[in-house]
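Structure first, then comments.
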Amino acid sequence: MKKPPALLDDIDAFLGDHDLSPVSFGRRAMRDPHFVRDLRAGRRVWPATEQKVRDFMAAYQPASEQAAA
């Protein structure tokens with residue numbers, strides 16, 4: 845059975861797709877500017893935290909899209 849992508853892989857793809865810095869992402873998703881840096885350094889996350897991050901990515905609308913809505 846294929847393993848689902850790791851959270852950090854999904855975050856890295858999201859950062860590239862939306863031209864966000866890791867610091868901006870951490871601030872917006874978790875109110876922690878060091879969140880992505882800490883993940884890259886081996887930080888573990890609780891399942892509820894992972895879900896919060898995934899929910900943020902799923903609901904994310906860039907500022908340009910929000911202004912048009």
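One rule links them: number in the working numbering = place in the sequence shown (from 1) + 844.
Each residue gets a CB set at the ideal place from its N, CA and C atoms; glycine is no exception.
Task: Exposure label - residue 886; buried when at least 16 CB within 10 Å - done: Classification of residue 886: exposed, given that the 10 Å Cβ count is below 16.
Practice problem: Assuming residue 906 and residue 878 form a contact by the criterion Cβ under 8 Å, report the distance between their Cβ atoms to the nearest whole angstrom. | Solution: Residue 906 to residue 878, Cβ: 23 Å. No contact.
Quick check: the Cα distance between residue 858 and residue 880, rounded to an integer number of angstroms? When only Cα atoms are considered, residue 858 and residue 880 end up about 12 Å apart.
Margin query: One question on the structure: do residue 864 and residue 897 come within less than 9 Å of each other, judged by their Cβ atoms?
Written below: With contacts defined as CB atoms closer than 9 Å, residue 864 and residue 897 fail to qualify as a contacting pair.
From 868, 890 and 894, pick the residue whose C-alpha is nearest to that of residue 853; which is it?
-> Comparing Cα positions, the closest option is 894.
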